[in-house]
Amino acid sequence: MIKDKKVVESQVCQRLTESASFSVLATAKRMERSGKEVLHLEIGEPDFSPPPAVKEAVYDSIEKGETHYTTPQGIRELRERIARYETEFRGVEIDPDRVIITPGAKPIILFTLLSSIDPGEEVLYPDPGYLSYKSLITFVGGVPVPYHLKKNDGFSIDFEHLSKKINKNTAAIIVNSPSNPTGSVLKEKELKRLLEIARERELLVISDEVYSRIIYDNMSHISIFKFVTENDKVVLIDAFSKTYAMTGFRLGYGILPDELVRPIVKLIQNSFSCVPQFIQRGGIAAIVAGQEYVKTMVREFERRRDRIYKLLKEIDEIQVYKPEGAFYFFPEIRIDIPSAAAFAQYLLENFGVALLPGEAFGKQGQKHVRISFANSLEILEEAVRRFKEALVTYKKDTIFMP
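Numbering (UniProt numbering), first residue to last: 1 to 402.
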């Protein structure tokens with residue numbers, strides 16, 4: 001509507017919250033434009049270029065004229081390639097007709113919620129957890145209900161707390177492994193138990209596995225899909241962004257129960273129409289030619305993780321968990337601070353280090369900060385040095401006003 005000669009933001013749009021990642025990034029960029037140096041640990045983006053074969057495939061596709069509309073569900077060649085990949089990687093047989101291609105992972109999360117959740121129905125999501133879950137659940141008219149992860153047990157699922165949150169209005173559970181922001185990886189027994197609960201209570205499971213290839217210590221990713229029976233209703237979310245350093249390509253996918261395919265295709269038809277065909281060709285090339293590239297990238301992430309974990313463990317003012325996957329640390333600050341957001345602001349303004357406050361990931365993230373180690377080791381080491389100095393000076397700084 002228009003009021004006082006201005007367009008008023010709709011009530012539906014007001015349900016959405018701004019992304020903390022991009023808000024902090026915008027502040028950091030403003031500081032850089034004013035001439036200040038900023039070390040970026042706030043954005044979850046690999047600091048690598050995509051595999052060369054991906055760029056070549058995109059160029060070739062454009063040269064061939066594949067620049068027009070294509071099928072809303074995604075080109076058959078990519079969906080078949082994803083189905084074969086899932087068999088090889090997750091050990092499950094997938095029908096390509098259950099695969100839907102979207103511009104990144106967020107649209108398939110949103111469309112899954114839009115197509116399966118009615119207003120007033122409750123959706124459980126992890127706390128701490130990916131900051132968009134709560135926002136998207138609220139946006140579609142659902143009720144976001146956080147379930148706790150146990151920080152003193154490697155951020156495993158607190159099943160006692162989760163069980164208490166389930167009632168007759170509960171419609172779905174979101175699970176995320178490896179986790180953003182904690183870097184924790186759910187174990188087989190947790191996934192089986194979660195699936196049993198969903199089966200007993202007839203709940204949809206939305207499994208966000210976009211960091212599934214970024215796992216350390218010679219561990220193998222275990223997907224909840226591996227334990228699914230024909231009567232279970234599980235949506236698998238994955239993307240090319242993190243695995244192949246293709247964040248700017250905006251290419252993700254979902255594997256869905258049969259009955260959700262048509263509703264989501266309708267949503268695509270009435271929104272972005274289709275993912276560009278040349279981008280999808282890049283996805284095929286990533287799967288076919290990018291596997292050794294992924295292994296090299298993950299080895300480098302693991303090297304950084306080990307080095308930075310050692311440095312963080314030497315800081316008395318924090319408690320830190322060693323991540324098993326993804327590329328984040330989520331340390332808890334042990335000094336007296338009004339909030340993690342206040343400390344993050346202090347760190348950015350006075351020491352030029354940008355990271356995310358834990359509150360952005362839920363109430364269980366209070367007094368935590370998320371540190372991305374998707375940056376060069378040189379920058380990471382300097383950032384940790386400044387982080388340590390900031391913790392020490394914060395305790396006695398009388399100038400800063402939170």
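All residues carry an ideal CB built from backbone N, CA and C; glycine is no exception.
Neighbour-count burial assignment, residue i, 16 or more Cβ in a 10 Å radius
| i | result |
| --- | --- |
| P331 | buried |
| Q73 | buried |
| A354 | buried |
| D153 | exposed |
| L377 | exposed |
| I279 | buried |
| I2 | exposed |
| L210 | At residue 210 the sequence reads Val, which differs from the Leu that was named. Result: buried. |
| C274 | buried |
| S184 | buried |
| Y133 | buried |
| Q11 | exposed |
| N372 | Before going on, a small fix: residue 372 reads as Ser here, not Asn. Buried, because 16 or more other Cβ atoms sit within 10 Å of the Cβ of S372. |
| residue 418 | In this structure the chain extends from 1 to 402, so residue 418 is not present and cannot be described. |
| D258 | exposed |
| E359 | buried |
| L16 | exposed |
| V8 | exposed |
| Y59 | exposed |
| Q269 | exposed |
| M219 | exposed |
| G65 | exposed |
Pairwise C-alpha distance: residue j and residue i
| i | j | result |
| --- | --- | --- |
| G104 | R304 | 26 Å |
| K313 | R98 | 45 Å |
| T71 | E77 | 11 Å |
| P146 | E196 | 19 Å |
| M297 | I337 | 36 Å |
| H40 | N375 | 8 Å |
| L260 | F351 | 48 Å |
| T102 | I318 | 39 Å |
| I94 | V369 | 38 Å |
| K168 | S212 | 32 Å |
| E349 | A285 | 42 Å |
| D217 | D47 | 21 Å |
| F22 | E42 | 9 Å |
| D316 | F329 | 16 Å |
| Q341 | G362 | Reading off the sequence, residue 341 comes out as Ala, not Gln. Straight-line Cα distance between these residues: approximately 12 Å. |
| K388 | R334 | 12 Å |
| Q291 | A26 | 33 Å |
| V54 | R281 | 8 Å |
| H68 | L251 | 17 Å |
| P323 | T182 | 7 Å |
Residue i in three-state terms, based on DSSP
| i | result |
| --- | --- |
| L355 | coil |
| T27 | helix |
| D340 | Residue identity check: residue 340 is Ala in the sequence provided, not Asp. Three-state DSSP puts A340 in a helix. |
| V7 | strand |
| T138 | helix |
| D208 | strand |
| G365 | helix |
| I214 | coil |
| E389 | helix |
| V12 | helix |
| Y394 | helix |
| I399 | Unreliable positioning characterises I399 in this predicted model, as indicated by a pLDDT of 45, which lies under 50. A coordinate reading is not provided. |
| F329 | strand |
| S376 | coil |
| V384 | helix |
| I197 | helix |
| I2 | strand |
| L186 | coil |
| T247 | helix |
| E324 | coil |
Beta-bridge partners of residue i, as assigned by DSSP
| i | result |
| --- | --- |
| R370 | L356 |
| A239 | G252 |
| I318 | I333 |
| V38 | Looking at the DSSP assignment, V38 forms no beta bridge with any residue, so it has no partner. |
| V234 | V205 |
Test: residue i CB closer than 7 Å to a CB of chain C
| i | result |
| --- | --- |
| A105 | Protein chain content of the structure displayed is limited to a single chain, and chain C is not contained in it. |
Length-filtered (4 minimum) alpha helix (DSSP H) runs lying within the segment 40 to 107
52 to 63 and 76 to 89
List, from N- to C-terminal side, the alpha helix (DSSP H) runs of 4 residues or more that fit wholly inside the segment 109 to 182.
132 to 139 and 159 to 165
Which ranges does the beta strand (DSSP E) cover as unbroken runs of at least 3 residues, wholly within the segment 258 to 305, from first to last along the chain?
none
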